[in-house]
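Mapped onto our numbering, the consecutive letters of the sequence shown carry residue numbers 3 to 144.
Just so you know, even glycine gets a beta-carbon here, dropped at the ideal spot from N, CA and C.
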Amino acid sequence: MFSFSPRTKAIAIALGIFILGTVCGVIGSRWMGISNLRPFWADNMRKGGPPRHERILDMMTRRLDLTAEQRETIGAILRDSRSEIDEVRKKVHEDMMLRERAVREKIRAVITSEQLEKYDKTIQQIDRRRPVENRHPPPDGP
């Protein structure tokens, strides 16, 4: 039989624990319904973290070694452009929601009544996982 050194056994055990932990983490995240992991700061933003333009300005200050005057000027540019960017984002979001609704209606027209029941349940599950502002209202009746 094979004879492994104590060091090899320790490495094999550590590797086994790591693999087991990874597998348990993946299974646990699926079981809990966490399908897409958001950046670590996403939840903090909803709880009052720094505004996005402040995080961008901090990153630029570190990476570009901005002077105080440059930081102030760029901060004003970012703050002033915020409303324009939000307006574009809102328009794009509305357009995407309309297109997605149209796609869903086209699919509903193709599938059978038995499939429609399953489809509607699936869509409800998808919509429940979305943030409230991105949810579709329920489809109109048949």
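Quick test of your reading: R73 and T63, contact by CB under 8 Å. State the CB separation rounded to the nearest angstrom. Indeed they touch by this definition, with Cβ atoms about 5 Å apart.
Report the three-state DSSP secondary structure of F4 (helix, strand or coil). If DSSP states are grouped into helix, strand and coil, F4 belongs with coil.
Does the beta-carbon of L100 have 16 or more other beta-carbons within 10 angstroms, so that it is buried, or is it exposed? That one is exposed.
Residue interval of the alpha helix (DSSP H) (run including D122): From DSSP, the alpha helix (DSSP H) with D122 extends over 115-131.
Helix, strand or coil for T69, going by three-state DSSP, please let me know. Here T69 sits in coil by DSSP.
Spatial distance of F20 from V105 (CA atoms): Straight-line Cα distance between these residues: approximately 43 Å.
Could you check the C-alpha separation between A16 and P8 for me, to the nearest Å? If you take the alpha carbons of A16 and P8, they lie about 12 Å apart.
Rounded to the nearest angstrom, what separates K11 and G18 at their Cα positions? The alpha-carbon separation between K11 and G18 amounts to approximately 10 Å.
Cutoff 8 Å; reference L118; Cβ partners in own chain excluding five residues on either side: Excluding sequence neighbours, L118 sits near R110.
Are the CB atoms of G77 and L59 within a distance shorter than 9 Å? It is a contact, given that the beta carbons lie within the stated cut-off.
Please tell me whether F4 and A14 are closer than 9 Å, where the distance is taken between their beta carbons. No, Cβ-Cβ distance for F4 and A14 is not below 9 Å.
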